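If you're matching positions, the sequence shown starts at 451 in the working numbering and goes up one per residue.
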Amino acid sequence: MAASGEGETRSVFVVQRHFRRVRRGYDPSEVDRHLQLVSEWFRQSAAGDRARALERQWQAREQEVSESEERARQLLESKRLEAQATLEGARLRAKADTEAAEQALRDAERVVRERERQAEILLREGREEVERLLASARAESDQIVERARLEAAAAEIVREAQERAQRLVAEADAYAERLSADAQQRRDQELAAARTAAEHLLAAMRAEAAEEVRALREQAEREVQAYVQRRHREADRLVDAARHERRRVTGDSGS
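Structure follows, in structure tokens:
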């Protein structure tokens, strides 16, 4: 009771204290003495204990906020690394798809080369067949002319035989040209079709790979942004709560 009365007396003394004025302001010795009494009263009073307890609580809250911010930073870094790993995986998949498309193009070119080789074989065989036909036609024309010369001495018969031989030769030449043109046309058509198919396949695979990379990048960015926003909101909420608590503690301490 005596200590409580003394504390109340000192608190009144601290609050309701008037200093003597000197020439240049308050008396410094009285001010120092008053500050010493304030310090002693604050250490010994229940208000001082409560203020120190509130200060410890405030420090604990500050520590919690700091730890929360550190956890948020670590989680953000983890998500960033995860997003980088996702993008790298997408890049590697796109690279693998591109390599597969290039391999498909090489396979198509190999098929085209094989078709060209087969077309050349067909063309060569066609030419050989034409040459055989020409040789046979020439031999037949020679035989016809010879028989005509032997069977008839008339110039008209010889002329007719020669005309027939010429027609056979012309027909054989025309047939040879048609075979050559048909073989060349088939070769060109097969080559163009194979190249077009390979180009379409490569373009489709590249477009699919690019679309997959874009979708993965957008998804990773959305996830990172959503996570950052959630962590920012949580950090803001913790900071606001800490600030509110600090204002409350400051208000309680001031009252």
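Every residue, glycine too, gets a C-beta built ideally from N, C-alpha and C.
These figures come from a predicted structure and were not determined experimentally.
- Rounded to the nearest whole angstrom, the C-alpha separation of A546 and E552 is 10 angstroms.
- Not a single unbroken stretch of the alpha helix (DSSP H) spanning 4 or more residues falls wholly within the stretch 664-689.
- Annotated as proximal: Y625 and L583, with beta-carbon spacing under 8 angstroms.
- If you draw a straight line from the Cα of A647 to the Cα of D623, it comes to about 36 angstroms.
- From the listed residues R560, E671, Q634, A569, the smallest Cα separation to L531 is found for E671.
- For the pair H694 and L504, the Cα-to-Cα distance works out to about 13 angstroms.
- Nearest to Q568 by alpha-carbon distance, out of R521, R636, E581, is R636.
- At a Cβ-Cβ threshold of 8 angstroms, A535 and E662 do not count as neighbours.
- Residue burial annotation: A544 is buried, with at least 16 other C-beta atoms found within 10 angstroms of its C-beta.
- Check the Cα spacing between E519 and each of D690, H682, A691: the tightest is with H682.
- Remark: three or more beta-carbon pairs, one from each stretch, lie closer than 8 angstroms, so the stretch 674-691 and the stretch 505-525 are flagged as touching.
- When the five nearest sequence neighbours on each side are left out, the beta carbons in the same chain lying within less than 6 angstroms of the beta carbon of A692 are those of R511, V515, in order along the chain.
- Nearest Cα to T548 within the set E658, L666, V481: E658.
- Distance from the Cα of R614 is smallest, within the candidate group A631, Q593, Q634, for Q593.
- The beta-carbon separation of R664 and L537, rounded to 11 angstroms, does not stay under the 8 angstroms limit for a contact.
- Between L526 and V689, the beta carbon gap of about 16 angstroms keeps them out of contact (Cβ cut-off 8 angstroms).
- Going by C-alpha positions, E559 is about 22 angstroms away from R574.
- The C-alpha of S528 is placed about 15 angstroms away from the C-alpha of R680.
- With contacts defined as CB atoms closer than 8 angstroms, R556 and S630 fail to qualify as a contacting pair.
- Counting only the Cα atoms, R656 lies some 27 angstroms from E566.
- Judged by beta-carbon spacing, L651 lies beyond the 8 angstroms limit of A522, meaning their Cβ atoms are not closer than that value.
- Residue nearest to E673 within the set Q509, R506, A533, R500 is A533 (criterion: CA-CA distance).
- Rounded to the nearest angstrom, the gap between the Cα atoms of Q616 and E581 is 16 angstroms.
- By the CB criterion at 8 angstroms, R645 and V561 fall outside the cutoff.
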